[in-house]
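*Asks:* The opening position of the sequence shown corresponds to residue 40 in the working numbering, with each subsequent residue numbered one higher. Structure provided below as structure tokens; questions to follow.
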Amino acid sequence: MSTEQRVTADAAPSTDIRIVDDNGSWCWFQDERSLADPETGTVVIGAVASAGGMDGEERGGDVELIVAREDGSSSRVVLHAGLESDDHDDPALWRRADGRWLAVYSRHKTDELTRWRISDTEDPAGEWGEEQAYSWTLLFGATEPAPPHTPGRGVTYQNVHPLDGRLYCFVRAVNDDPCYLVSDDDGSTWEFGGRLLTRPKIGYVNGYARYASGTQHGTDDRIDLIITEHHPRDHATSIWHGYLAGGSLHRADGTVVSALGRGIEDVTPRAEDLTPLFTSGSTWGGSVMTHAWTTDLRRAADGRLVALFTARADDALGTDTARHAWDAPAHEVPAIDHRLFRAELAPGAGAWKVHEIAVAGPQLMPHEEDYTGLGAIDPDDLDALWASLETDPRDGRTLGVHEIFHGRTADGGATIAWTPVTEGSAGDNLRPVAIPGDPGRAAVTWFRGTMRRSQDLDTEVVLLSSPRTPGR
40 MSTEQRVTAD
50 AAPSTDIRIV
60 DDNGSWCWFQ
70 DERSLADPET
80 GTVVIGAVAS
90 AGGMDGEERG
100 GDVELIVARE
110 DGSSSRVVLH
120 AGLESDDHDD
130 PALWRRADGR
140 WLAVYSRHKT
150 DELTRWRISD
160 TEDPAGEWGE
170 EQAYSWTLLF
180 GATEPAPPHT
190 PGRGVTYQNV
200 HPLDGRLYCF
210 VRAVNDDPCY
220 LVSDDDGSTW
230 EFGGRLLTRP
240 KIGYVNGYAR
250 YASGTQHGTD
260 DRIDLIITEH
270 HPRDHATSIW
280 HGYLAGGSLH
290 RADGTVVSAL
300 GRGIEDVTPR
310 AEDLTPLFTS
320 GSTWGGSVMT
330 HAWTTDLRRA
340 ADGRLVALFT
350 ARADDALGTD
360 TARHAWDAPA
370 HEVPAIDHRL
380 FRAELAPGAG
390 AWKVHEIAVA
400 GPQLMPHEED
410 YTGLGAIDPD
420 DLDALWASLE
430 TDPRDGRTLG
440 VHEIFHGRTA
450 DGGATIAWTP
460 VTEGSAGDNL
470 RPVAIPGDPG
480 RAAVTWFRGT
490 MRRSQDLDTE
500 VVLLSSPRTP
510 GR
């Protein structure tokens, strides 16, 4: 935006934070997880109810939509009852050209179905059509072949973005690689589109990708992605960037890496064939940073890109963090010093500018060494962000719980002006999502309470929404 056009959202500790659901959470590798409708003042939030939360005996594993209205009321739509008590099953949302809503979701590597439903009307709180599903085993016949072309142990994560008049749904699928489905009828039906990247697996899975398109600006000419090589507990991961446009995958400088539509037998590029955004082993502020993990990615109307990610500082564990039972950890992993980074790519530039912006804190739980509170970029104001932090970024004080902070930069991330949004919380405030769709309002949702693991949470979903103010 130009200086004259920009509107900003000033954040401060607020009594306007409202509970919109008493049992819900999400992972951070699906998008859009939430959407706003400016015409009705409605916010739609995707969530999964946990067996460890309120009414968990009845609601555990329900894939839900929370419909929060401007008048303060909210309601809940159950897309699939009892699918799986796992925050990875969170739906990705899309607003169709006819005004109806599309929700796409899957289990967490426990079957090979991408599921979707479409609302009957423009009202997301109304009736929804029957669930449909795409079976990834259709690529291979009734019996899975041997690796490397097996779908593995299932599919995970759905990300819905438009490109050149088609709808793409990016899924972690074949060989746990980023693959995609395509739709030519705005999500009514889907078919296999191709494999985006591949590599031999190390440890649990392959790369963790975040995607960004120009959806909120009405463009569909390009989809950007940032991705790691593997899971950071299994590999000293770096982060790489590329984009899809004109039928090809490109590096940041426009160099073509490969054509899209790669079949399962075709040679497919690796993450390392893209542009390096952040290199594991690089030094920042006197500390060596390794084991990076992608957090968020947004694109502005002028083509500017902003990314958030985390990394370990001066890590002593490496990949020697022997996995143990999630429900009964056999040992405690020492606290890991994670840092939060912001990266920016100017329109037409070939190299990212990266800045460390906050201490992200130790891991949230013993068995997930790289889970932190995370952060979210404001989709309509890329100079602003929200972050969940256990260390106050203003003075370095340890807070004891994760609080939400609002940050703003005027120099590309070199400095951040931080304002607390929550203070003195009884439990953690985690995984903020900055909600796109209504440029006149700044809306952010997160969940708060106790997270024991991805399959066991006692958390409620809250929403903070305020008009943007002209300025700057």
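For every residue, glycine included, the Cβ atom is placed at its ideal position computed from N, Cα and C.
1) From the DSSP output, in three-state form, read off His127 for me.
2) By Cβ distance, which residues of its chain are closer than 8 angstroms to Gly253, with the 5 residues on each side in sequence left out?
3) In this structure, how does DSSP classify Gln69 when only helix, strand and coil are distinguished?
4) Beta-carbon within less than 6 angstroms of Asp376's beta-carbon, same chain only, minus the 5 sequence neighbours each way: which residues are those?
5) May I ask you to list the residues that DSSP assigns as paired with Glu499?
6) Going by the DSSP bridge assignment, what does Lys392 pair with across the sheet?
7) Within the continuous beta strand (DSSP E) that includes Arg98, where are the two ends?
8) I'd like the list of long-range same chain contacts for Asp366, defined as Cβ closer than 7 angstroms, with 5 residues on each side in sequence excluded.
9) Leaving aside the five residues before and after Arg514 along the sequence, list all residues of the same chain whose C-beta is less than 8 angstroms from its C-beta, in chain order.
10) Hey, quick one: how far does the beta strand (DSSP E) through Thr294 stretch, first residue to last?
11) Please determine, among Ser113, His270, Arg108, the residue with the shortest C-alpha to C-alpha distance to Gly80.
12) So, at 7 angstroms on beta carbons, what are the nonlocal neighbours of Arg433 in its own chain, with the 5 sequence-adjacent residues on each side left out?
13) Within the continuous beta strand (DSSP E) that includes Asp335, where are the two ends?
14) Whole-angstrom Cβ separation of Arg234 and Thr307, contact assumed at under 8 angstroms?
15) For Ala423 and Leu336, which I take to be in contact (beta-carbon distance under 8 angstroms), what is that distance rounded to the nearest angstrom?
16) If I measure Cβ to Cβ from Gln255 and keep anything under 6 angstroms in the same chain, skipping five residues before and after, which residues do I get?
17) Taking the alpha-carbon positions, what's the Asp76 to Gly389 distance?
18) Would you mind giving the Cβ-Cβ distance between Val194 and Glu230, rounded to the nearest angstrom? I have them listed as a contact below 8 angstroms.
19) Use the C-beta contact count for Asp216: other C-beta atoms within 10 angstroms, 16 or more gives buried, fewer gives exposed.
20) Check for me: the beta strand (DSSP E) holding Val117 runs from which residue to which?
21) Assuming contact is defined by CB atoms lying nearer than 8 angstroms, are Gly281 and Arg290 in contact in what I supplied?
22) Kindly list the residues whose CB is nearer than 7 angstroms to the CB of Ile303, restricted to its own chain and excluding five residues on each side of it in sequence; keep chain order.
23) Tell whether a beta-carbon distance below 8 angstroms holds between Val244 and Thr153.
24) Would you identify the three-state DSSP class for Val213, choosing helix, strand or coil?
*Replies:* Taking the structure as given:
1) helix
2) Asp259, Asp260, Arg261, Arg338, Ala340
3) coil
4) Ala352
5) Arg487
6) Glu383
7) That residue, Arg98, is in no beta strand (DSSP E); its alpha helix (DSSP H) goes 95 to 98.
8) Any reading at Asp366 must be qualified, since the residue scores a pLDDT of 46, below 50, and its modelled position is unreliable; the value itself is stated next. Nothing meets the Cβ criterion.
9) A query on residue 514 cannot be resolved here, the shown segment of the chain reaching from 40 to 511 and no further.
10) Looking at the DSSP string, Thr294 is not in any beta strand (DSSP E), and its letter there is neither H nor E.
11) Arg108
12) Trp457
13) 326 to 338
14) 5 angstroms
15) Not quite, the Cβ-Cβ distance comes to about 15 angstroms (not below 8 angstroms), so this is no contact.
16) Pro418, Pro475
17) 35 angstroms
18) 15 angstroms between Cβ atoms; not a contact.
19) buried
20) 113 to 119
21) yes
22) Leu178, His188, Val213, Arg234
23) no
24) helix
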